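This report refers to the structure that appears directly beneath it.
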Amino acid sequence: PGAAERYRRLYEYLAERREKSVWLLPVSARTGYNLDKLGELLFRRLDIIRVYTKRPNSEPSKAPVVLRRGATVRDLATKIHSDLLEYFEYAKVWGPSAKYPGERVGLDHVLEDGDIVEIHSRR
Numbered sequence: 003p004g005a006a007e008r009y010r011r012l013y014e015y016l017a018e019r020r021e022k023s024v025w026l027l028p029v030s031a032r033t034g035y036n037l038d039k040l041g042e043l044l045f046r047r048l049d050i051i052r053v054y055t056k057r058p059n060s061e062p063s064k065a066p067v068v069l070r071r072g073a074t075v076r077d078l079a080t081k082i083h084s085d086l087l088e089y090f091e092y093a094k095v096w097g098p099s100a101k102y103p104g105e106r107v108g109l110d111h112v113l114e115d116g117d118i119v120e121i122h123s124r125r
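Residues 3 to 125 (this note's numbering) make up the sequence shown, in order.
Dropping the structure here:
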């Protein structure tokens, strides 16, 4: 049987056993089918988010900091450097978790996937 038939059989097998925790996404490296959805699905299923940092008056970093869903500015500061947490004053956030662009927040602000964070410290 072809890939589509094997997928259908597996899906039916799992459905019969009510395996709700199992998720399926057919992909093809050859044709590129669903590759655009794979990364997003993995991030959602693994409960991780991507947060981008920026320095004042600079562009956001291109490489994200990966954190668990529910992470706060405190978690981000700790992951970057312990001094950031020790000398933390405030952070500015742009993105899904901000009420408005550049919202000034504290350490307990919960971050969301795609946020851009600028941390201000006394040092």
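Cβ coordinates follow ideal geometry from the N, Cα and C atoms, glycine included. For clarity, every value in this text was computed on a predicted model and none was experimentally measured.
- For Tyr54, the pairing in a beta bridge is given by DSSP as Ile118.
- Going by beta carbons, Lys94 and Arg76 fall outside the 8 Å limit.
- For the pair Pro3 and Glu114, the Cα-to-Cα distance works out to about 42 Å.
- DSSP places Val112 in no alpha helix (DSSP H); its state is neither H nor E.
- According to DSSP, Arg106 shares a beta bridge with Lys94.
- Secondary structure of Arg125 (DSSP, three-state): coil.
- Between the region 24 to 36 and the region 5 to 13 there are three or more C-beta pairs closer than 8 Å, enough to call the two in contact.
- In the DSSP annotation of this structure, the continuous segment of the beta strand (DSSP E) that includes Leu69 starts and ends at 67 to 70.
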